[in-house]
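Asker:
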Amino acid sequence: MSAKILVTGAAGFIGFHLCQYLIKKNCDVIGIDNLNDYYDVQLKKNRLEQIKHADNFDFFQIDLADSPSLNNLFENHNIQVVVNLAAQAGVRYSLINPDAYVRSNITGFVNLLECARKKQIRHMVFASSSSVYGANTQMPFSVHDNVDHPVSLYAATKKSNELIAHSYSHIYGLPCTGLRFFTVYGPWGRPDMALFLFTKAIYEGKPINVFNHGKMKRDFTYIDDIVQGVARIIDKQPEPNPSWCGDNPDPGTSYAPYRIYNIGNNSPIELMHFIETLESIIGKTAQKKFMDIQLGDVPATYANIDDLYEAVGFYPKTDIKTGIRRFVGWYQDYYMKD
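This note's numbering puts the last residue of the sequence shown at 1000; the count rises by one with no breaks.
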């Protein structure tokens, strides 16, 4: 990782943790973020406060949809690797504000690819999502399965990212690797995610919404494990698959320098077990409001991570109890200190 690395979404949950890790590894890191108000901007600024004074880190407030500013950044810095973690996140929010997803996840992504191909960068790593599996029901989810049936606009934009990146790999030979993240959690997590919402509600004595009557299953993946996987993939430039065949196309690989990987815990947890674990750590019982599954949600996610293990030796190490305990400790320090 001797290259200058651009991390987009550097004030976001995963982006902040990745920047922090790369900084400690003495990598030369540039972070950008538009600091939008989808959730608490102060939380984003406080994340940045943890890393912005490092000598090997520079931060710029830039929106990916702002093509001139993005081009200017690439002109003035010798960026060789891009890790794109900037996106409009959230499945449910995509039902009420679709324009934000098109602007950030599609227009912004194409702008970034254009800069990357003009400067002939070494590697483009980008965040996809487990949500692309949509209506798929065969478990565990494999990158070699067809994923043409998304059930939310958010999922569709992430699938679009994979398709657009492949076209750039095919036309320009741009090495692109997509990572399908599976329900990431941990300290400094997003306020719209289940663990944050549940923790806040339990401490405040308010009810929590338990969707699909607690029968949802998620491949909850701890942030440190995620960062390890992303950091390892940075140096793993994708190569064409010589056995790829158009008669039986493999969605996870290509004749071009392009790869897709799942990055998850490989161990789905039922939502009720997740809540019970949180309750035991906090020492309080949640008031539960059981609800039907929401539009755009899927009942279960489960990552097959064989390909990522084979490529870079990735395997998650953090069990759910340890991960939740660390989150709760951070939440108490951040929100509950006098």
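Heads up, the beta-carbon is just placed ideally off N, CA and C, and yes, glycines get one too.
Because the structure is a prediction, the values reported are computed rather than measured.
State the Cα-Cα distance for the pair A962 and S791, rounded to the nearest angstrom.
Answerer: On the sequence shown, position 300 is the one that residue 962 refers to. On the sequence shown, position 129 is the one that residue 791 refers to. Looking at the two C-alpha atoms, the distance is approximately 14 Å.
Asker: Count the C-beta pairs between the stretch 893-903 and the stretch 812-823 that are closer than 8 Å, then say yes if the count reaches three, no if not.
Answerer: Counting Cβ pairs under 8 Å, fewer than three are found: no touch.
Asker: By how many angstroms is the C-alpha of V809 removed from the C-alpha of N798?
Answerer: Taking the sequence shown and counting its residues from 1, one reaches residue 798 at position 136. Taking the sequence shown and counting its residues from 1, one reaches residue 809 at position 147. Whole-angstrom Cα-Cα distance: 7 Å.
Asker: Return helix, strand or coil for S811, following the three-state DSSP convention.
Answerer: Translated into the one-based positions of the sequence shown, residue 811 becomes position 149. The residue asked about is misnamed: residue 811 is His in this sequence, not Ser. In this structure, H811 counts as coil in the three-state DSSP scheme.
Asker: Alpha carbon to alpha carbon, how far is F803 from K999?
Answerer: In the sequence shown, counting from the first residue as 1, residue 803 sits at position 141. In the sequence shown, counting from the first residue as 1, residue 999 sits at position 337. Answer to the nearest angstrom: the Cα atoms are 41 Å apart.
Asker: Taking the beta strand (DSSP E) that Y923 falls in, what are its first and last residues?
Answerer: Within the sequence shown, numbered from 1, the residue matching residue 923 stands at position 261. From DSSP, the beta strand (DSSP E) with Y923 extends over 920-925.
Asker: In whole angstroms, what separates the C-alpha of P983 from that of N927?
Answerer: Locating residue 983 in the sequence shown gives position 321, counting from the first residue. Locating residue 927 in the sequence shown gives position 265, counting from the first residue. Checking the displayed sequence, the identity of residue 983 turns out to be Lys instead of Pro. Cα-Cα distance, rounded: 13 Å.
Asker: Between which two residues does the alpha helix (DSSP H) harbouring C681 extend?
Answerer: Start at 1 with the first residue of the sequence shown, and residue 681 comes out as number 19. It spans 675-686 - the alpha helix (DSSP H) in which C681 sits, taken as one unbroken run.
Asker: In three-state DSSP terms, what is C777?
Answerer: By 1-based counting over the sequence shown, the position of residue 777 is 115. In this structure, C777 counts as helix in the three-state DSSP scheme.
Asker: Suppose contacts are defined by Cβ-Cβ distances below 8 Å. Is G693 in contact with A727 by that definition?
Answerer: Within the sequence shown, residue 693 is the residue found at index 31, counting from 1. Within the sequence shown, residue 727 is the residue found at index 65, counting from 1. Cβ distance not < 8 Å, so G693 and A727 don't count as in contact.
Asker: Pull the bridge partners of M786 from the DSSP assignment, please.
Answerer: The residue you call residue 786 lines up with position 124 of the sequence shown. The partner list for M786 (beta bridge, DSSP) reads V744, C838.
Asker: Does the beta-carbon of Y997 have 16 or more other beta-carbons within 10 angstroms, so that it is buried, or is it exposed?
Answerer: Within the sequence shown, the letter at position 335 stands for residue 997. Exposed: under 16 other Cβ atoms inside 10 Å.
Asker: Any idea what DSSP makes of F721, helix, strand or coil?
Answerer: Your numbering for residue 721 matches position 59 in the sequence shown. F721 falls in the strand class under three-state DSSP.
Asker: Which residues does DSSP pair with E901 in a beta bridge?
Answerer: Translated into positions along the sequence shown, residue 901 becomes position 239. Answer is none; E901 lacks a bridge partner.
Asker: According to the Cβ coordinates, are G851 and F989 closer than 8 Å?
Answerer: What you label residue 851 is simply residue 189 of the sequence shown in a count that begins at 1. What you label residue 989 is simply residue 327 of the sequence shown in a count that begins at 1. In this structure, F989 lies closer than 8 Å to G851 by Cβ.
Asker: Say whether the stretch 776-788 touches the stretch 836-843, bearing in mind that this needs 3 or more beta-carbon pairs closer than 8 Å, one atom from each stretch.
Answerer: These segments touch.
Asker: Does the separation of the CB atoms of T819 and I758 fall below 8 Å?
Answerer: Position 157 of the sequence shown, counting from 1, holds the residue named residue 819. Position 96 of the sequence shown, counting from 1, holds the residue named residue 758. Not in contact: T819 and I758 (Cβ atoms no closer than 8 Å).
Asker: On the DSSP letters alone, give me the boundaries of the beta strand (DSSP E) that P869 sits inside.
Answerer: Start at 1 with the first residue of the sequence shown, and residue 869 comes out as number 207. From DSSP, the beta strand (DSSP E) with P869 extends over 869-872.
Asker: Does the pairing of the stretch 768-777 with the stretch 735-749 give three or more beta-carbon distances under 8 Å?
Answerer: At 8 Å Cβ cutoff, the stretches touch.
Asker: Using three-state DSSP, classify F989 as helix, strand or coil.
Answerer: Numbered from its first residue, the sequence shown carries residue 989 at position 327. Helix, per DSSP.
Asker: Output the boundary residues of the beta strand (DSSP E) element that contains F952.
Answerer: Taking the sequence shown and counting its residues from 1, the one referred to as residue 952 is at position 290. That run of the beta strand (DSSP E) goes 949-952.
Asker: If you run the structure through DSSP and keep just helix, strand and coil, what is K999?
Answerer: The residue you call residue 999 lines up with position 337 of the sequence shown. Three-state result, K999: coil.
Asker: Taking the alpha-carbon of Y683 as reference, which of I896, A762, F882 has the nearest alpha-carbon?
Answerer: For the purposes of this step, residue 683 is taken as residue 21 along the sequence shown, with counting starting at 1. The shortest Cα separation from Y683 among I896, A762, F882 belongs to I896.
Asker: Who pairs with S756 in a beta bridge, going by DSSP?
Answerer: The sequence position of residue 756 within the sequence shown is 94, counting from 1. DSSP lists no partner for S756.
Asker: Can you give me the start and stop residues for the beta strand (DSSP E) that I694 sits inside?
Answerer: As a first step, residue 694 must be located in the sequence shown, where it is residue number 32. Element bounds for I694: 690-695.
Asker: Counting beta carbon pairs with one atom in the stretch 938-949 and one in the stretch 855-871, are three or more of them shorter than 8 Å?
Answerer: Yes: at least three Cβ pairs fall under 8 Å.
Asker: Assuming Q742 and K666 make a contact with CB atoms under 8 Å, what is their CB distance in whole Å?
Answerer: On the sequence shown, residue 742 is found 80 positions in, with the first residue counted as 1. On the sequence shown, residue 666 is found 4 positions in, with the first residue counted as 1. Yes, Q742 and K666 are in contact; Cβ-Cβ is about 6 Å, under 8 Å.
Asker: May I ask which residues mark the beginning and end of the beta strand (DSSP E) holding K666?
Answerer: In the sequence shown, residue 666 corresponds to position 4, counting from 1. Start and end: 666-670.
Asker: Using DSSP's beta-bridge definition, name the partner residues of S791.
Answerer: Along the sequence shown, read from residue 1 onward, the residue named residue 791 stands at position 129. F843.
Asker: Please return the same chain residues whose Cβ sits closer than 8 Å to the Cβ of M697, not counting the five positions on each side in sequence.
Answerer: To locate residue 697, count along the sequence shown from 1; it is residue 35. Reading off the sequence, residue 697 comes out as Leu, not Met. Here the set comprises A673, V703, K706, K707, Q723.
Asker: Which stretch, first to last residue, makes up the alpha helix (DSSP H) that contains F936?
Answerer: Locating residue 936 in the sequence shown gives position 274, where the first residue counts as 1. It spans 933-944 - the alpha helix (DSSP H) in which F936 sits, taken as one unbroken run.
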